[in-house]
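Chemist: Mapping of the sequence shown onto the working numbering: position 227 corresponds to residue 476, and the numbering continues sequentially without gaps. Heads up, the beta-carbon is just placed ideally off N, CA and C, and yes, glycines get one too. Remember, it's a predicted structure, so these values are computed and weren't measured experimentally. Below is one structure. I have some questions about it.
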Amino acid sequence: MEIKKIENPRFLKQLNIDELNQLSQDIRDFLIENISKTGGHFSSNLGIVELTVALHYVFDSPKDKFLFDVGHQAYVHKILTGRAPMFNKLKKYGGMCGFQNRHESIYDPWEAGHSSTTISGATGLAIARDLKKENFEVISIIGDAALMSGESLEALNFLGGIDTKVIVILNDNNMSISRNVGGLSNFLSDVRMSYKYNQAKSNYTEILKTFDKEYVINKDANYYMKDVSKDVKCSGKVNYNFTDNKLQLLNVESDVTCSVKYTVNKYYLALILNNATSSENNVLVNAFEDKSISINPEENYAFTGASCTNGQTYQYSNKTFTVKSINKDTTCTLRYEKVRNVESNTDGEYVVPASGYYLMEASGAKGSGNGGKGAYVSAEVYLVKGQTIKYEVGTSTNGAASIGSGSHAGGGASRFKLNSEYFIISAGGGGGSNGSPGGEGNGLGGVNSSDSSKNGKNGVSGSGGSSAADATVCTRTGTCGGGCKRYETTYRRCCESYSPPHEECVNGETECGDAFCEKLPSSQQGSCYRKCGENNGIGKKCRTVGGGCESYGTCPHESCAEYYPTYSCCTNTSTKSGDSGNGGKSVISSKLNNKTITIKQKVTGSNNGNGKIKISFVRE
Numbered sequence: 250m251e252i253k254k255i256e257n258p259r260f261l262k263q264l265n266i267d268e269l270n271q272l273s274q275d276i277r278d279f280l281i282e283n284i285s286k287t288g289g290h291f292s293s294n295l296g297i298v299e300l301t302v303a304l305h306y307v308f309d310s311p312k313d314k315f316l317f318d319v320g321h322q323a324y325v326h327k328i329l330t331g332r333a334p335m336f337n338k339l340k341k342y343g344g345m346c347g348f349q350n351r352h353e354s355i356y357d358p359w360e361a362g363h364s365s366t367t368i369s370g371a372t373g374l375a376i377a378r379d380l381k382k383e384n385f386e387v388i389s390i391i392g393d394a395a396l397m398s399g400e401s402l403e404a405l406n407f408l409g410g411i412d413t414k415v416i417v418i419l420n421d422n423n424m425s426i427s428r429n430v431g432g433l434s435n436f437l438s439d440v441r442m443s444y445k446y447n448q449a450k451s452n453y454t455e456i457l458k459t460f461d462k463e464y465v466i467n468k469d470a471n472y473y474m475k476d477v478s479k480d481v482k483c484s485g486k487v488n489y490n491f492t493d494n495k496l497q498l499l500n501v502e503s504d505v506t507c508s509v510k511y512t513v514n515k516y517y518l519a520l521i522l523n524n525a526t527s528s529e530n531n532v533l534v535n536a537f538e539d540k541s542i543s544i545n546p547e548e549n550y551a552f553t554g555a556s557c558t559n560g561q562t563y564q565y566s567n568k569t570f571t572v573k574s575i576n577k578d579t580t581c582t583l584r585y586e587k588v589r590n591v592e593s594n595t596d597g598e599y600v601v602p603a604s605g606y607y608l609m610e611a612s613g614a615k616g617s618g619n620g621g622k623g624a625y626v627s628a629e630v631y632l633v634k635g636q637t638i639k640y641e642v643g644t645s646t647n648g649a650a651s652i653g654s655g656s657h658a659g660g661g662a663s664r665f666k667l668n669s670e671y672f673i674i675s676a677g678g679g680g681g682s683n684g685s686p687g688g689e690g691n692g693l694g695g696v697n698s699s700d701s702s703k704n705g706k707n708g709v710s711g712s713g714g715s716s717a718a719d720a721t722v723c724t725r726t727g728t729c730g731g732g733c734k735r736y737e738t739t740y741r742r743c744c745e746s747y748s749p750p751h752e753e754c755v756n757g758e759t760e761c762g763d764a765f766c767e768k769l770p771s772s773q774q775g776s777c778y779r780k781c782g783e784n785n786g787i788g789k790k791c792r793t794v795g796g797g798c799e800s801y802g803t804c805p806h807e808s809c810a811e812y813y814p815t816y817s818c819c820t821n822t823s824t825k826s827g828d829s830g831n832g833g834k835s836v837i838s839s840k841l842n843n844k845t846i847t848i849k850q851k852v853t854g855s856n857n858g859n860g861k862i863k864i865s866f867v868r869e
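What follows is the structure, encoded as C-alpha cells:
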C-alpha cells in the first residue's frame, strides 16, 4: 500500500487479516526509511505497529480517544490518521511534532509528556465525558516501564475507586531505559513466566487459527435492517456477531453459509398545490419506486409546470402526477394557472396556454339579401400547450361572390386552423335571390332550376353559395314572323350563336345546314333534320330550337321566341329571378394531435347574422 495516500483510518475496516498484516509491514518499511533520514524513535514505534492498527480497526477515532504512553510512541497513529506526508519534517521547526499534539490533528485528544501520564489523563477525559453525558471510549496505551512510576500507580489506585470506565492496554514488552525493579515488576515477570499465562497465550493462538474473517457490509443508504436476530443467519459450526454492518465469524469449524437481509427504506413525498387538490399527500414511498398521485385542479385551471427537491424527476399526464424513482424525502411544487378563454367576431389567433381539452364553437354567417342562416358547430378538441390556433370569422359578404345584377353573395364560413389544416368549419348560409331565400348553412336549400343558367352556386370551403343573376325572358306565345334574325352568343342553338361563327353560317344564312347536323351526335341529328313545314317553299332543314319558320304556325315551347327575348319575333318580355345559392357545408375533422375530436353539436341554419367563434377550456 502507498502509505502517503492514507487519509483516515476508516479504510481499515474493509481489510481482511492478510491485508492488515501486509499493511503493518508496509508501515514498518515506511518508518525505517523516513526516521533514518530525520531522526526519531525507532524501537518504541516498530514494536507497536500491529497494536496501533488493531486499535484503529476496533475503535472509531477521533470519536474514541487514544492516549499513548510513552508520548513519542504515536508515529503509527499519525500515519493512520493521514499525516504520513509530514514525516519529512518530523521534529523540525514548523514541521510535525514527535508527540501527540491537539493543534496538529483532531485525532490527538491531548498533548503527552515523555512518560507515565496517560492513565491520569485518560481518567480526567472519562470523568468529563460522564459529566457531559457523552458516549465514547477512552483508551490508555502504556508500557510496562511507564506503569512502574508513581503517577501511573496513583492514577490506577484512584480509578479503581470510582465508577468511571477507562480502558488501559498494557504493552508488556519488557523494555525500559533502565532495568525494571520493585514488586510490580516482579509480579509481571512472574505472570509472564507462569504456566497459565503461557497456556492462555497458546490457546489464543489456536483460537486465532479458526477465525475466518470479518465482513464489512457495504449497505446502500436506501436500505436498513429491521431485526438483527431475524435478518442475520449463519449455518454451520460457527459463532457470529453482527454490529454496525459488520459480520464477524468466530471459531469456524465447518463450511459456513450466512445470509444478511436488508429492507428497503421508505421516503416521504409531499406536494405543494395552489388552485388544485390531490388524492394523497405526505405519503411514504419505498426507495426507488415511482409514485403516482391524482390531481384535481380547480375549474378553469390547468397544469403549467412543477419542481421537485433533490433533483427528482416527474411526469404529468391526464391529471396524474408521477415522481420517478424516489430516493430521498422529496417535496414537489405544482403550478396551476387560470386558462384564458376567447370569444370573437373577427379573425385572430389563440396561443394555447396549457395542454388539455377545449370546447371549440363556431357560427357561420348569414347569406346576403334574403340569404339563408349560417350553421353552428361545437366540438371538444385536445390542444397542446404552445400551439397557435388561427380562426377566421365569416360575414355576410365574405362568402361566395355575387355573379351579376340581382344576385346576392353567400355568407362566409367561420373556421379554425392549425398550421395549414382547417379542422373545424361552420358553414355560411347561401345568398338569397329576388325569388327565394338562400339555402341554410350545411349544404341545404338552393332551388335547382330546369335552366342551369339560373342555378344558385354551391358553397365552397364552408361558405354559402351566391344566387344566380336575374334573366329577361320572352312572354310571347303567338306566331313567329320572319324567323330568328338576331341571336345571343350566350345560347348556342343556331349557327350565328357561335363565336367565331360556325363554318356553315355563310352568306347571311340563319339556318343550320346539313353539314352542321352531320357533325352532331346521332342522338341529336333527328331534331336537327326536322323540316319546318311545306309552306316556306324553301325545303330547308332546321333545328327545332332554331328560329321560327317564315309564316309558319305558332311559336312552340322550345322555339326561339321563348328563349331569346331579343329576337325580332318577341314583342313582350319580363324578368325571371335567378335561383338562390346553396348553403355551405360544415366540416369537423375526426382527429387532432392524435386524439379523437368529440362533436357536441352540429346545427343547420342557426345563425342569422355575421359569424362568431368561441374557445373555452374544459379540462386537462
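Here's the rule I'm using: 16 or more other beta-carbon atoms within 10 Å means buried, otherwise exposed. How should A333 be labelled?
Modeler: buried
Chemist: Taking K861 as the reference, give the member of L520, I281, E610 with the closest Cα.
Modeler: Of the residues L520, I281, E610, the one whose Cα lies closest to the Cα of K861 is E610.
Chemist: What do you get for N270, buried or exposed, if any count of 16 or more other CB atoms within 10 angstroms of its CB means buried?
Modeler: Answer is exposed; the Cβ neighbour count stays below 16.
Chemist: Relative to the C-alpha of D504, which residue among G485, V513, N514 is closest?
Modeler: Checked all of G485, V513, N514; the closest Cα to D504 is G485.
Chemist: Secondary structure at V588, three-state DSSP: helix, strand or coil?
Modeler: coil
Chemist: Taking all protein chains shown into account, decide if S682 is buried (16 or more other Cβ within 10 angstroms of its Cβ) or exposed.
Modeler: Buried, by the Cβ-count rule.
Chemist: Which full runs of the beta strand (DSSP E) of 3+ residues lie inside the region 344 to 420, going along the chain?
Modeler: Runs found: 387 to 392, 416 to 420.
Chemist: Within 10 angstroms of the Cβ of G688, are there 16 or more other Cβ atoms? Answer buried if so, exposed if not.
Modeler: Burial is judged here by how many other beta carbons sit within 10 angstroms of a residue's own beta carbon; G688 has at least 16 and is buried.
Chemist: Near I787, which residues of its chain fall below 6 Å by C-beta distance, leaving aside the five closest residues on each side in sequence?
Modeler: Per-residue confidence for I787 stands at a pLDDT of 31, beneath the threshold of 50, marking its modelled position as unreliable; the derived number appears in the next sentence. Excluding residues within five positions, none has a Cβ falling inside 6 Å.
Chemist: Which residue's Cα is closest to the Cα of N514: K577, P546, D480, K568?
Modeler: Ranking K577, P546, D480, K568 by CA distance to the CA of N514 puts K577 first.
Chemist: Given A525, which residues of its chain have a CB within under 7 Å of its CB, disregarding the five upstream and five downstream residues?
Modeler: I544, N545, P546, E547, Y550, L583, Y585
Chemist: Determine the direct distance from the alpha carbon of G858 to that of G830, and round the result to whole angstroms.
Modeler: Those two C-alpha atoms are separated by around 17 Å.
Chemist: Could you tell me the alpha carbon to alpha carbon distance between G661 and E670, rounded to whole angstroms?
Modeler: 18 Å
Chemist: Check the DSSP bridge columns for G605 and list the partner residues they point to.
Modeler: L632
Chemist: Here's the rule: buried if 16 or more other CB atoms are within 10 angstroms of the residue's CB, otherwise exposed. What is L841?
Modeler: buried
Chemist: Only counting the same chain, and skipping five residues up and downstream in sequence, which positions put a Cβ closer than 6 Å to that of K568?
Modeler: The answer, listed in chain order, is I544, E869.
Chemist: With the cut-off set at 7 Å, would you say D393 and D357 are in Cβ contact?
Modeler: no
Chemist: With 16 as the cutoff for other CB atoms within 10 Å, does H326 come out buried or exposed?
Modeler: Residue environment for H326: buried (at least 16 other C-beta atoms within 10 angstroms of its C-beta).
Chemist: So what does D318 bridge to, in DSSP terms?
Modeler: I391
Chemist: Can you tell me where the beta strand (DSSP E) holding E641 begins and where it ends?
Modeler: Annotation for E641: the continuous beta strand (DSSP E) segment containing it runs 637 to 641.
Chemist: Given this structure, state the Cα-to-Cα distance separating T264 from A377, to the nearest angstrom.
Modeler: Per the sequence presented here, residue 264 reads as Leu, with Thr not at that position. Cα to Cα, the separation comes out at about 34 Å.
Chemist: Can you tell me whether H305 is buried or exposed? The criterion is at least 16 other CB atoms within 10 Å of its CB, across all chains shown.
Modeler: buried
Chemist: For the region 382 to 397 and the region 312 to 323, state whether three or more C-beta atom pairs, one from each stretch, are separated by less than 8 Å.
Modeler: yes
Chemist: Please list, in chain order, all residues of the same chain as G635 whose beta carbon is under 8 Å from its beta carbon, the five residues on each side excluded.
Modeler: Taken in chain order, the residues that qualify are V600, V601.
Chemist: If you draw a straight line from the alpha carbon of E360 to that of K253, how long is it in whole angstroms?
Modeler: 24 Å
Chemist: Hey, quick one: how far does the beta strand (DSSP E) through S484 stretch, first residue to last?
Modeler: 481 to 484
Chemist: Tell me the DSSP secondary structure of D552 in three-state form.
Modeler: What sits at residue 552 in the sequence shown is Phe, not Asp. Strand at F552.
Chemist: Which residue wins for smallest C-alpha separation from G623, given the options I848, Y473, D493, G648?
Modeler: G648
Chemist: List the whole-angstrom C-beta distance separating S612 from S663, where the pair is believed to meet the contact cut-off of C-beta under 8 Å.
Modeler: Confirmed, about 6 Å.
Chemist: Thinking S835 and A614 are a contact (beta carbons under 8 Å), I'd like their distance in whole angstroms, please.
Modeler: Rounded, the Cβ-Cβ distance is 13 Å, inconsistent with contact.
Chemist: If you draw a straight line from the C-alpha of G695 to the C-alpha of V626, how long is it?
Modeler: Low confidence applies here, because G695 scores a pLDDT of 39, under 50, leaving its location unreliable; read the following figure in that light. Going by the C-alpha atoms only, they are around 21 Å apart.
Chemist: Would you mind sorting N856 into buried or exposed? The rule is 16 or more other CB atoms within 10 Å of its CB.
Modeler: buried
Chemist: Distance, Cα to Cα, E529 vs Y517?
Modeler: 12 Å
Chemist: Can you list, in chain order, the residues of its chain with a C-beta nearer than 7 Å to that of H321? Leave out the 5 residues immediately preceding and following it.
Modeler: H290, S293, G347, F348
Chemist: Smallest Cα separation from G643: which of G597, T287, Q564?
Modeler: For the set G597, T287, Q564, the Cα lying nearest the Cα of G643 is the one of G597.
Chemist: Do the region 398 to 416 and the region 366 to 380 touch if we need at least three Cβ pairs shorter than 8 Å?
Modeler: At 8 Å Cβ cutoff, the stretches touch.
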